[in-house]
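For the sequence shown, my numbering begins at 5 and goes up steadily by one.
The beta-carbon is built from N, C-alpha and C at its ideal position, and this holds for glycine as well.
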Amino acid sequence: MVYRALRNRKKTLLRESFKYFETHKARERAAIVTLIRANDEETRQEALEHLNELALLADTAGADVLYRMTQERPTPDVALYLGKGKVEELKKHVEMLELQLVIFDDELSPVQIRNLEREINVKILDRPSLILDIFASRARTREAKTQIELAQLEYLLPRLTRAWTHLSKQHGGIGTKGPGETQIETDRRLVKTRISHLKEKLGEIERQQHTRRSGRNDELTRVALVGYTNVGKSSLLNTLAIGESDVFVENRLFATLDATTRAVEFAHGRRALMTDTVGFIRKLPPKLIASFRTTLSEVDEADVLLHVVDISNPQFEEQIVVVGETLHELGAHLKPTIMVFNKLDALPEDRKYLISELRARYPHAVFISAARGIGVEHLKNEIEKVITETSFEITVEIPMAHYDIASRLHELGEVRERVFSETHVRLRLRVHIRNKERVERLLATAA
Ligand SMILES: Nc1nc2c(ncn2[C@@H]2O[C@H](COP(=O)(O)OP(=O)(O)OP(=O)(O)O)[C@@H](O)[C@H]2O)c(=O)[nH]1
Ligand SMILES: [Mg+2]
5 MVYRALRNRK KTLLRESFKY FETHKARERA AIVTLIRAND EETRQEALEH
55 LNELALLADT AGADVLYRMT QERPTPDVAL YLGKGKVEEL KKHVEMLELQ
105 LVIFDDELSP VQIRNLEREI NVKILDRPSL ILDIFASRAR TREAKTQIEL
155 AQLEYLLPRL TRAWTHLSKQ HGGIGTKGPG ETQIETDRRL VKTRISHLKE
205 KLGEIERQQH TRRSGRNDEL TRVALVGYTN VGKSSLLNTL AIGESDVFVE
255 NRLFATLDAT TRAVEFAHGR RALMTDTVGF IRKLPPKLIA SFRTTLSEVD
305 EADVLLHVVD ISNPQFEEQI VVVGETLHEL GAHLKPTIMV FNKLDALPED
355 RKYLISELRA RYPHAVFISA ARGIGVEHLK NEIEKVITET SFEITVEIPM
405 AHYDIASRLH ELGEVRERVF SETHVRLRLR VHIRNKERVE RLLATAA
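See below:
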């Protein structure tokens, strides 16, 4: 979101192949800042953990964090976020350490950003714009790229003001990949045009996907992996999936932005489709969730969710809440969900008591290590149990004259057994309850 000065910007903005937010290579030197909003140990610890997460985000975005600052204050200053004296102190450190960037662990108002940039004279970023930047540099598919560009422009639009753009000429890098300092009104109009263009494009992608989906076989149960970022969702998919190439795994935030689906096999040859998708994080910009709806529709269409949790992370309880809230926003909070506590191998001895506590709280909880393959069979059994609970088995006899019905049934249920006689074919099927009515209607036509 570095609003890099674009010399020939009108032309550039309008160009269809416009790389609005390109990846940047050089590492930047950064400070990170947060408020501690109450004078107690718990609040302090939590703020520091959030700051650690921000440092990880900054690292992912390409910045080295050389200075951390906290201020104890119940509410942010309206004009400067921090107190005046703290801003002075920050400025001193920025100059001394030759920093190029200050990142705040919160959402800043356009006014705060403008004032801070004036005072400190370096680039100021907030948490949402840092997250948007990471998404932008990691997007690979046309869908992800369109979604992220839309989210960035919508975030940018209210922030396109004449007053704060004085900096964009001087600075580049993280957070400056956008329009610059003059012709704000022209830019606004161009950005709005671009936004509606992107929305149309997304609509188009959605329609194409819908067609693709309605064409795909519907007989298998669909399982979606959801969870906080970096908890091991992709690792788990790699452990469970049969054949095919591995999904990208990395100890950075937002390694995955696109949905990947693989087949998973259970005992007795039963199969399910498992989808890995983008991780969640606290203060995920709402615009980002909205524009990632197409990717996240995989979650919406799943029959079962695996909510993966990194039990070795001291903040895992809060992460469970964040994921729950995000699922709620997506309207997927009532789906059958198995809690999967991952990274069991990294849980310190003195925190092992958590396992029995969590088992009591979440009756179907499973404890695993995706990396070491611990507990994976148990997890498969649990998934199979849920599949059994959400599906039913029927045996039907179809006259050979209606063989077309038999082949359509193949698309609506998993065939467990097929026996031909001279006049009939007998099928034993496992059907997901979502397909119950379609199967009944189909059988009625054969009667
Ligand atoms: N110790 C330990 N590390 C694990 C385990 N599973 C995954 N990891 C590590 O956790 C990091 C993140 O793993 P990913 O599978 O990329 O996590 P993810 O949830 O897909 O992350 P995003 O796609 O970024 O949201 C990697 O460094 C993995 O090697 C585990 O069981 N134990
Ligand atoms: Mg992943």
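Query, Result
"Which value, in whole angstroms, describes the spacing of the CA atoms of residue 325 and residue 313?", "11 Å"
"To the nearest angstrom, report how far apart residue 302 and residue 281 are at their CA atoms.", "8 Å"
"Spatial neighbours of residue 397 within its chain, please: C-beta separation below 8 Å, excluding the five flanking residues on both sides.", "420, 432, 433, 434 and 435"
"Would you mind giving the Cβ-Cβ distance between residue 227 and residue 311, rounded to the nearest angstrom? I have them listed as a contact below 8 Å.", "With 8 Å as the limit, residue 227 and residue 311 do not qualify as a contact, their Cβ atoms being about 11 Å apart."
"Determine the direct distance from the alpha carbon of residue 345 to that of residue 82, and round the result to whole angstroms.", "41 Å"
"Straight-line CA distance for residue 455 to residue 437?", "In this structure the chain extends from 5 to 451, so residue 455 is not present and cannot be described."
"Identify whether residue 323 lies in helix, strand or coil by the three-state DSSP scheme.", "helix"
"Alpha carbon to alpha carbon, how far is residue 201 from residue 157? Give it in angstroms, no decimals.", "12 Å"
"Which same chain residues end up closer than 6 Å to residue 462 when comparing Cβ atoms and leaving out the 5 residues on each side of it in sequence?", "Here the chain has residues from 5 to 451 only, and residue 462 is not among them."
"Within 6 Å: the Cβ of residue 141 and any heavy atom of ligand 1?", "no"
"Output needed for residue 370: all residues of its chain with C-beta closer than 8 Å, excluding positions within five of it in sequence on either side, in chain order.", "342, 343, 344, 345, 379, 382, 383 and 386"
"Could you tell me the boundaries of the alpha helix (DSSP H) in which residue 417 lies?", "Residue 417 -> not in any alpha helix (DSSP H); beta strand (DSSP E) instead, spanning 417 to 424."
"Just to confirm before moving on: does the CB-CB distance between residue 271 and residue 246 stay below 7 Å?", "no"
"Count the other CB atoms, across all protein chains shown, that sit within 10 Å of the CB of residue 12; report buried if there are 16 or more and exposed otherwise.", "With a pLDDT of 38 at residue 12, under the threshold of 50, the modelled position of this residue cannot be trusted; read the value that follows with caution. Residue 12 comes out exposed."
"Kindly give me the distance between the Cβ atoms of residue 80 and residue 120, rounded to whole angstroms, as I take these residues to be in contact under 8 Å.", "The Cβ separation is near 11 Å, so there is no contact."
"Are the Cβ atoms of residue 108 and residue 137 separated by less than 7 Å?", "no"
"Could you tell me which of 85, 61 and 361 sits nearest to residue 286, measuring between CA atoms?", "61"
"By a C-beta neighbour count over all protein chains shown, 10 Å radius and 16 as the cutoff for buried, is residue 238 buried or exposed?", "buried"
"Per DSSP, what kind of secondary structure is residue 28 in: helix, strand or coil?", "Only weak support is given to the placement of residue 28: the predicted model assigns it a pLDDT of 46, under 50, and the value that follows is read from those uncertain coordinates. Looking at residue 28 - three-state DSSP - the assignment turns out to be coil, as it is neither helix nor strand."
"If we count the other Cβ atoms within 10 Å of its Cβ and call it buried at 16 or more, is residue 46 buried or exposed?", "exposed"
"Does ligand 1 have a heavy atom nearer than 6 Å to the CB of residue 66?", "no"
"Would you call the segment 293 to 300 and the segment 402 to 411 touching, i.e. three or more CB-CB distances under 8 Å?", "no"
"Excluding the 5 residues flanking residue 112 on each side, which residues of the same chain have their C-beta closer than 8 Å to its C-beta?", "85, 120, 128 and 130"
"Counting C-beta neighbours from all protein chains within 10 Å, is the total for residue 104 16 or more, i.e. buried, or is it exposed?", "buried"
"Rounded to the nearest angstrom, what separates residue 191 and residue 445 at their Cα positions?", "55 Å"
"Could you pull the DSSP bridge partners for residue 430 from this structure?", "401 and 423"
"Using the Cα positions of residue 418 and residue 224, report the straight-line distance between them to the nearest angstrom.", "7 Å"
"I'd like to know if the segment 51 to 70 and the segment 135 to 149 are in contact, where contact means that at least 3 CB-CB pairs between them fall below 8 Å.", "yes"
"For residue 310, which of helix, strand or coil comes out of DSSP?", "strand"
"Hey, residue 35 and residue 91: beta-carbon distance below 7 Å or not?", "no"
"For residue 377, is the beta carbon positioned less than 6 Å from some heavy atom of ligand 1?", "no"
"Which of the three DSSP states is assigned to residue 234 in this structure?", "coil"
"For residue 153 and residue 206, what's the separation of their Cα atoms in angstroms?", "11 Å"
"Check whether the Cβ of residue 259 lies closer than 6 Å to any heavy atom of ligand 2, and answer yes or no.", "yes"
"Provide the residue span of the alpha helix (DSSP H) that contains residue 64, from first to last.", "45 to 65"
"Does the separation of the CB atoms of residue 251 and residue 241 fall below 7 Å?", "yes"
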